[in-house]
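Visitor: This is the structure I have questions about; it appears just below.
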Amino acid sequence: MNLSKLRASCTDRKIPIISIETESFLWNHLRQYKPKFCLEIGSAVWYSSIFIANTIREWWWVLYSFEISYPSYMEGLQNIWKYGLKNLIVYPFDFQKIKLKELIWHTIDFAFIDWQKNQYANYLINISNILNTKHSIILDDVIKFKTKMSSLYWYLEKMQIFYEEFDMEKWDWIIVIKK
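Structure (structure tokens):
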């Protein structure tokens with residue numbers, strides 16, 4: 028699947044999407060772990076969602092994705108339709124205001140988080156009850172927005188959660204948590 032036109036459109040309109048390096052890292056990570064049920068929090072026009080859903084489509088699994096911006100949600104629906112993805116379930120609201128178990132009936136094997144940076148710790152707390160015992164989580168932009176992430180680092184330390192940081196490109200690092 029070629030997403031170059033969508034990437035170029037996002038770049039022209041200054042819509043933030045995952046870097047090429049992060050996309051490559053995600054591809055390798057997903058191919059290595061082959062998760063069944065995935066979750067994405069924060070997707071803008073669903074570039075990363077389309078990329079993830081297309082990658083996991085090879086082994087017939089599903090991605091749940093949340094985006095709070097209604098205009099982004101509507102544009103994302105058009106993008107999803109254009110790429111013909113049937114394994115992508117999208118929601119146009121803040122997942123923190125609902126009970127996730129009412130929407131997602133399986134445990135999640137993989138989560139990609141790229142939304143409000145100052146809420147990353149809360150996102151981890153909110154998804155903890157739907158995570159599979161064996162899972163991986165990738166948090167995007169952790170160095171670029173480190174000043175907004177003190178609660179994340181405090182939470183990781185308090186809960187003694189082991190994580191690794193990877194340099195994707197200048198100021199675009201990710202955190203990977205694996206269990």
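According to our numbering, the sequence shown is numbered sequentially starting from 28.
C-beta atoms are modelled at their ideal positions from N, C-alpha and C, and glycine is treated no differently.
Source: prediction; values computed, not measured.
Output the distance between the C-alpha atoms of residue 188 and residue 72, rounded to the nearest integer angstrom.
Guide: 31 Å
Visitor: How would you write the range of the alpha helix (DSSP H) that residue 79 sits in, first residue to last?
Guide: Going by DSSP, residue 79 is part of the alpha helix (DSSP H) stretching over 74-84.
Visitor: What first and last residue would you give for the beta strand (DSSP E) that runs through residue 47?
Guide: No beta strand (DSSP E) holds residue 47; the alpha helix (DSSP H) holding it covers 47-60.
Visitor: With a CB to CB cut of under 7 Å and the five nearest residues on each side skipped, what residues in its chain are close to residue 46?
Guide: 195, 196 and 199
Visitor: If we ignore side chains and look at the alpha-carbon of each, how far apart do residue 120 and residue 59 end up?
Guide: Distance between the alpha carbons of residue 120 and residue 59: 31 Å.
Visitor: Can you give me the start and stop residues for the beta strand (DSSP E) that residue 92 sits inside?
Guide: 89-93
Visitor: Could you tell me the alpha carbon to alpha carbon distance between residue 140 and residue 127, rounded to whole angstroms?
Guide: 15 Å
Visitor: Per DSSP, what kind of secondary structure is residue 118 in: helix, strand or coil?
Guide: strand
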